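In the numbering used here, the protein residues as written are 84 to 753.
Think of the CB as a built atom: it goes at the ideal place given N, C-alpha and C, for glycine as much as any other residue.
This one's a predicted model, so the numbers in the text were calculated from it and none came from an experiment.
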């Protein structure tokens, strides 16, 4: 246990009863969990009687990799010089049943259900449906109850089902709780969806938790049997548990009560996906004899950064009382910078990074640019390309890979004299015009046979093949829209032309049709606004602006990114990511951008001051505590919206961070 501080050592040596370890940012929580497992084994607990649960495969793998070398067994007859090797070195997990179980919640539930699910009428060899399977089933269920896409689309139904399951709401409960006609239809479909899943011997991802909870609730013998497999239960990131996970933990630990949960209520930022911070706040009430240990020594950041973080988070009144202490004294005070607009903000942030790369001997991987929403990185990507600096957009796709960007840019290309085939095919039935895949195939085959451009067939300039009247009407409607917009190009700005095109194709309705979740719709529509804003910026700065030159400029040097977050972070590149994606990571130098009211805190959170704003404050806190040595926070005094500059307001968190909560402008935000 060499190297543990007194609080960590106390957590490691508290081996019985309920234990809450409040592990602040950068305080070594994973180390405490792994050392505690080692201590349990050293004091006689059989390895296989220990269960550690976390949320992601990555976290579980990291914990396992740290743990196994510490509990390896030396072979008989080996010399002192022989290296100790984990038991699985030759035959990985051959003796897994004699090792501690380190698992995600979902993996644990799969194992339980494979043993017990027949008790609630499912086959032990059940199938787990992926998203595509779910969509097919949802479509079938909606057909069965004669509900068309306009009333309730399959992805809308899956949104409601996922939302209900996340809160442990059964189909019967959903029907009772429905408040609108759409919810009522979804609840009826939910009943049939679950019935069909069961008839097919299948479950979806959310069912893994929900059905395990149901098993424990309805079959006490099953709950006892599964709980009796372990004498100790350790839960990582307890602040992220949803209702089902919370109930499963209580069911497994209620007998032996040797439950250790580790987490930080100040880093609870996933309320939008069902996590309830109340679980960690009420732990001592749920387990009345619980011991609470606070890990407050931060080994990541300088004192200057930690002081900033402490100043901010104390404005959340409902939290466990704790204050981070920096193990690294001093440090450069975080900087707050105001820029004229988001373009200047991106230019200056990238210029600052370039200078520090040259003058301070930094590597690109030492820097992170953190933002609140997925629409923000576009100008930073543009500036990083200009500066020829390597970057990765972590945990998300490039701005230029988004469906909305590709759709709108394809429409703008139709304003050229000879639009490309890829652009035509992309939007020929977007929004839907009754032009199906068979009709498109007929058009393409005719292009090849007659050796004519696809656009000539679409416009009717070349003789079209035999098509249905519906398809012909759809083609004519699209061509008419494009021609009317092109006719306006002579006397209108490019921004006005683009906005006219978006309006004529009614793209906002298309987004509303595809994305049932309000947050998704806002996010997707904000991406469209970003395109118009980029066009406005280009138009103001170009001597002779044209749509073609804008498209070339926008896409020049575009690069794709890996989907895998871990692979991305291994690259020697500047990381662009949301503050949500940054949780658990750390960087020597961090730039937090766009600290404005409506962005951070996000405008949706302002509707719920009791829960929304505190979670946004925790998110800001997470961003601040990612920085090890240098932290820069910035905002734009104006921000482009629909091609026009709009004044912004500084985020209330900037006032809180700097001790200006008595400032008049802060009071206005309250």
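Proximal residues to residue i (C-beta, below 7 Å), its chain only, five neighbours per side dropped
i: residue 295; result: 192, 195, 196 and 331
i: residue 121; result: 153 and 154
i: residue 321; result: 344, 345, 346, 362 and 363
i: residue 494; result: 510, 584 and 588
i: residue 703; result: 395, 683 and 736
i: residue 281; result: 204 and 205
i: residue 160; result: Since pLDDT at residue 160 reaches only 49, below the 50 mark, its modelled position is unreliable, and the value read off the structure follows with that caveat. No residues qualify anywhere along the chain.
Residue span of the alpha helix (DSSP H) that contains residue i, given as start and end
i: residue 520; result: 520 to 533
i: residue 104; result: Here residue 104 belongs to no alpha helix (DSSP H); instead the beta strand (DSSP E) covers 102 to 106.
i: residue 89; result: 89 to 96
i: residue 389; result: 386 to 396
i: residue 230; result: No alpha helix (DSSP H) contains residue 230, which DSSP labels as neither H nor E.
i: residue 475; result: Premise fails: residue 475 lies in the beta strand (DSSP E), 474 to 476, not in any alpha helix (DSSP H).
i: residue 337; result: Where residue 337 is concerned, there is no enclosing alpha helix (DSSP H), given that its DSSP letter is neither H nor E.
8 Å CB neighbourhood of residue i in its chain, flanking five on each side removed
i: residue 250; result: 325, 326 and 357
i: residue 373; result: 100, 101, 102, 103, 366 and 367
i: residue 117; result: 146, 149, 150 and 153
i: residue 307; result: 338
i: residue 490; result: 509, 510, 513 and 590
Residue i at chain B interface by Cβ criterion, 8 Å
i: residue 295; result: Absent from the structure: chain B. Only one protein chain is present.
Endpoints, beta strand (DSSP E) assigned at residue i
i: residue 419; result: 418 to 422
i: residue 344; result: 342 to 346
i: residue 591; result: It is not in any beta strand (DSSP E) - residue 591 instead sits in the alpha helix (DSSP H) that spans 590 to 597.
i: residue 685; result: Residue 685 -> no beta strand (DSSP E), and no H or E assigned at all.
i: residue 251; result: Where residue 251 is concerned, there is no enclosing beta strand (DSSP E), given that its DSSP letter is neither H nor E.
i: residue 658; result: 657 to 661
i: residue 137; result: 133 to 137
Coarse secondary structure for residue i, derived from DSSP in three states
i: residue 457; result: coil
i: residue 152; result: helix
i: residue 723; result: strand
i: residue 262; result: coil
i: residue 675; result: strand
i: residue 271; result: helix
i: residue 283; result: coil
i: residue 312; result: coil
i: residue 710; result: strand
i: residue 547; result: coil
i: residue 507; result: helix
i: residue 739; result: helix
i: residue 694; result: coil
i: residue 318; result: strand
i: residue 370; result: coil
i: residue 354; result: helix
i: residue 603; result: helix
i: residue 362; result: helix
i: residue 237; result: helix
i: residue 465; result: helix
i: residue 498; result: coil
Cross-strand partners of residue i (DSSP beta bridge)
i: residue 376; result: 104
i: residue 450; result: 672
i: residue 381; result: 409
i: residue 715; result: 418 and 674
i: residue 575; result: Partner(s): none; residue 575 has no beta bridge.
i: residue 210; result: 285
i: residue 733; result: 679
i: residue 756; result: As shown, the chain starts at 84 and ends at 753. That puts residue 756 outside it, with no answer to give.
i: residue 184; result: 134
i: residue 728; result: 723
Neighbourhood of residue i by C-beta, 6 Å cutoff - its chain only, sequence neighbours within 5 removed
i: residue 429; result: 462, 463 and 466
i: residue 94; result: 104, 115 and 376
i: residue 403; result: 105 and 348
i: residue 675; result: 453, 706 and 716
Task: Given 8 Å, three or more beta-carbon pairs between the segment 586 to 598 and the segment 458 to 472 - done: no
Open item on the list: Count Cβ pairs between the segment 212 to 229 and the segment 276 to 283 that sit closer than 8 Å; are there 3 or more?
Closed with: yes
TODO: Give a yes or no on contact between the segment 451 to 460 and the segment 660 to 675, applying the rule of three or more CB pairs nearer than 8 Å.
DONE: yes
- [ ] Specify whether the segment 411 to 425 and the segment 626 to 636 touch according to this definition: at least 3 beta carbon pairs, one from each stretch, less than 8 Å apart.
- [x] no
Task: At least 3 beta-carbon pairs within less than 8 Å: the segment 547 to 555 vs the segment 518 to 533 - done: yes
Open item on the list: Under 8 Å: do the segment 249 to 268 and the segment 222 to 240 share three or more Cβ pairs, one atom per stretch?
Closed with: yes
Open item on the list: Under 8 Å: do the segment 685 to 704 and the segment 495 to 514 share three or more Cβ pairs, one atom per stretch?
Closed with: no
Task: Inter-stretch contact at 8 Å, needing at least 3 Cβ pairs: the segment 540 to 549 / the segment 567 to 578 - done: no
Task: Contact between the segment 380 to 387 and the segment 130 to 146 (3+ Cβ pairs under 8 Å) - done: no
TODO: Would you be able to state if there are at least three C-beta pairs under 8 Å between the segment 281 to 293 and the segment 254 to 263?
DONE: no
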